[in-house]
Amino acid sequence: MADALLELEDVEARYGPVKALNGVTLSVGEGEVVAVLGANGAGKTTTLRAVSGTVRRAGRIAFAGGSISRKSPEAVARLGIAHVPEGRGTLTELSVRENLRLGAYVRRDRKGIREDERRVFGHFPWLERRGDQRAGTLSGGEQQMLALARALMLRPKLVLLDEPSLGLAPLVVAEIFRIVRELNEQNGLAVLVVEQNATLALEASTRAYVLEVGRVAVAGESEELRRHESVRRSYLGY
Amino acid sequence: MPLAFDWTQLAQQTVIGLASGGIWATLAIALVLIYRSTGVVNFAQGEMAMFSTFIAWSLVHHGLSYWAAFFLTIAISFAAGVAVERTVIRPVERAPVLTVVIVTLGLFFLVNGAARWIWSPETRTLPNAFSTRPIDVAGVAFSIEDLGNIGVSLAAVGLLWLFFQFTKVGLAARAAAVNPEASRLVGVRVSWMLALGWGLAAAMGAVSGMLTAPALASFDQNLMQPVLLYAFAGAVLGGIESPLGAVVGSLLLGVFVNLIGTYVDWIGNALRLPVALAVILGVLLVRPGGLFGRAAGRRV
């Protein structure tokens, strides 16, 4: 990992008096898809929130060589980290097109934004047809795709993807992961994905971390982890 | 019951009602802006508008024309609104609603006191923005001032709408109001969007104050207190969360209050304000969301 894009070292985070991370150390390389697995309450979501600055955190977090451990969420987004939060973070009161425009809010390159809009419509053709529809009226799967599309409009270097499969039909989930893989292969997009569905996450990622009570319990190549005895038993169910 | 109903009078009184309603609408919009972004009714909105009106008076007093003072005052009020948010509201941004309400009440007395301290308590006048001559439309005489007030109010509201609907910052401000968390994640500086909302609200309030004052024979520091109540009633009638509702509600209220004052003898001029209060009470009892608000059920 000579050129890690994102590095967390001994990161702690708390919600009020409750400590959610007890010193997490992990990294995401350029163009890498990394998965974070773990039971409910292990700190998966909090790990992403620590990166994007939506939870109080301590420890070292570096992105593209600079420290971001004290940066606000809006400053982190401006550096090119797009966080697709659990529950999707779609702006339900706004139209589909407004959601996409907002995704590109911090960018100034009109031409690039139009290009990316076309690219996003290439991945999600139905978005274009339904541009004027209020995002809140979309189905769960559509909102998840819109949230991802909105994240891509930032032209991010790294996407933080939180539980993309939550509450969605298997076909929709497969579609979302296919698109993530495509983006990674075509554009070298780095992705840090948190996922309950370990089978899916290990298929989509090159490396993975398993969290237990707020710290990394197991780490390694996704291939390896799939054969790992305790990971298999605890998270893959066979 | 008179045999021939006086349609001319009805048309005239309706336009007069629309003129007041339009002025209330600009202040009602200010209330809605703050309510949507900060989550409270800004009790100081009227006093801030009064302060703006006194600034306009000072500018006119120093030789500026009404319209030059009008636009300069809007700019100053915008900056002052932003400053008020940064200094007074920002420290309580995350505090409970009641705390923020009390801060706006404090602001009410602060602004009122400051205006009394700066400007001596004599009565003042602001020149008429429009000719007071009547104009003949289809055989009915209307006052140019009333039509002008309707035009300026609607123009101000329209410009605000264009800003929110068609500019990037406007979009970000809307997003920040409905979903601050998700807005932060796309890089919107939510806290500054709040300040922007206060600035715009102060600017809209300035418009309402500067349209209110010339119609009065003279005005003092209590100028905007009834206007705030009417604006609040209009906003509640339309739905306190809906900008369109605030405008329609204020216009309806303006016409209603004026017609009922004209045609119901015992209400006349004296009981107009209680009528507005009755409207607030009635709406809150019968349809708390207002005409354009979403009926009951809030997202949780």
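As given, the protein sequences belong to chains A and B, one line each in that order.
Residue numbers 1 to 238, in the numbering used here, belong to the letters of the first sequence in order.
Residue numbers 1001 to 1300, in the numbering used here, belong to the letters of the second sequence in order.
Here a beta-carbon is modelled for each residue, glycine too, at the ideal position from N, C-alpha and C.
Keep in mind that this is a model prediction, so the values were computed, not measured.
Contact with chain A by Ala1296(B), beta-carbon distance below 9 Å
For the purposes of this step, residue 1296(B) is identified with residue 296 of the second sequence, where counting begins at 1. Only weak support is given to the placement of Ala1296(B): the predicted model assigns it a pLDDT of 44, under 50, and the value that follows is read from those uncertain coordinates. Ala1296(B) does not count as touching chain A.
Contact set between Ala149(A) and chain B, taken where Cβ atoms lie within less than 8 Å
Taking the first residue of the first sequence as 1, we reach residue 149(A) at position 149. Result: empty, since nearest Cβ-Cβ is about 12 Å, beyond 8 Å.
My output table needs one value for Tyr209(A): the three-state DSSP class, helix, strand or coil.
Here the question's residue 209(A) lines up with position 209 in the first sequence. Of the three classes helix, strand and coil, the one that applies to Tyr209(A) here is strand, per DSSP.
How big is the Cα-Cα spacing for Ile1240(B) and Ala1172(B)?
Walking along the second sequence from the start, residue 1240(B) turns up at place 240. Walking along the second sequence from the start, residue 1172(B) turns up at place 172. Using only the alpha carbons, I get a separation of about 21 Å.
Taking buried to mean at least 16 other C-beta atoms within 10 Å of its own C-beta, is Tyr1263(B) buried or exposed?
Taking the first residue of the second sequence as position 1, residue 1263(B) is located at position 263. Exposed: under 16 other Cβ atoms inside 10 Å.
Does any CB atom of chain B fall closer than 9 Å to the CB of Gly103(A)?
Here residue 103(A) refers to the residue found at position 103 of the first sequence. With 9 Å as the cut-off, Gly103(A) counts as an interface residue toward chain B.
What's the call for Ser1218(B), buried or exposed, on a 16-neighbour Cβ count within 10 Å?
To locate residue 1218(B), count along the second sequence from 1; it is residue 218. Exposed, by the Cβ-count rule.
Which of helix, strand or coil DSSP assigns to Thr90(A):
The sequence position of residue 90(A) within the first sequence is 90, counting from 1. The answer is coil: DSSP assigns Thr90(A) none of H, G, I, E or B.
Which residues in the same chain have their Cβ closer than 7 Å to the Cβ of Tyr1035(B), if we skip the five residues on either side of it in sequence?
Residue numbering aside, residue 1035(B) sits at position 35 when the second sequence is read from its first letter. So the qualifying residues of the chain are Val1041, Ile1240, Glu1241.
According to DSSP, is Gly1139(B) part of a helix, a strand, or is it coil?
The residue given as residue 1139(B) occupies position 139 in the second sequence. Gly1139(B) falls in the coil class under three-state DSSP.
Beta-carbon of Arg1189(B) versus every beta-carbon of chain A: anything under 9 Å?
Within the second sequence, the letter at position 189 stands for residue 1189(B). For Arg1189(B), the answer is yes, since a Cβ of chain A falls inside 9 Å of its Cβ.
Look up Ala1203(B) in the DSSP assignment and say whether it is helix, strand or coil.
One-based indexing of the second sequence puts residue 1203(B) at position 203. In the structure shown, Ala1203(B) sits in a helix (DSSP, three-state: H, G or I).
What residues of chain A sit near Val1178(B), judged by a beta carbon separation below 9 Å?
Position 178 of the second sequence holds residue 1178(B). Simply Leu91, Thr92, Glu93, Leu94.
Quick one: what's got a C-beta closer than 8 Å to Ser1131(B)'s C-beta in the same chain, skipping five residues either side?
As a first step, residue 1131(B) is located in the second sequence; it is residue number 131 there, counting from the start. Correct list, in chain order: Ile1144, Glu1145.
Based on DSSP bridge pairs, tell me the residues matched to Val18(A).
What you label residue 18(A) is simply residue 18 of the first sequence in a count that begins at 1. Val18(A) is bridged to Tyr15(A).
Would you identify the three-state DSSP class for Ser139(A), choosing helix, strand or coil?
Taking the first sequence and counting its residues from 1, the one referred to as residue 139(A) is at position 139. In this structure, Ser139(A) counts as coil in the three-state DSSP scheme.
Taking Arg107(A) as the reference, give the member of Glu74(A), Val194(A), Glu32(A), Phe124(A) with the closest Cα.
The count along the first sequence starts at 1 and reaches residue 107(A) at position 107. The shortest C-alpha separation from Arg107(A) is found at Glu74(A).
Run down chain B in chain order and give the residues with a C-beta less than 8 Å from the C-beta of Ala77(A).
Taking the first sequence and counting its residues from 1, the one referred to as residue 77(A) is at position 77. Neighbours of Ala77(A) on chain B, chain order: Arg1184, Leu1185, Val1186, Gly1187.
Distance between Ser1037(B) and Arg1116(B) (C-alpha atoms, nearest Å):
Translated into the one-based positions of the second sequence, residue 1116(B) becomes position 116. Translated into the one-based positions of the second sequence, residue 1037(B) becomes position 37. Distance between the alpha carbons of Arg1116(B) and Ser1037(B): 30 Å.
Closer than 7 Å, Cβ to Cβ, to anything on chain A: give me those residues from the region 1078-1105 of chain B, in chain order.
none
Between Gly1205(B), Ser1183(B), Val1137(B), Val1103(B), which lies nearest to Val1152(B) when the distance is taken from Cα to Cα?
Position 152 of the second sequence, counted from the start, is the residue given in the question as residue 1152(B). If we check each option's Cα against that of Val1152(B), Gly1205(B) comes out closest.
CB of Leu1159(B) to nearest heavy atom of the ligand PLP: below 8 Å?
The model on display carries no ligand, and the ligand PLP is accordingly not part of it.
Ala1049(B) by DSSP, collapsed to three states: which one?
Indexing the second sequence from 1 puts residue 1049(B) at position 49. Three-state result, Ala1049(B): helix.
Taking only three categories from DSSP, how would you classify Thr1026(B)?
Locating residue 1026(B) in the second sequence gives position 26, where the first residue counts as 1. Here Thr1026(B) sits in helix by DSSP.
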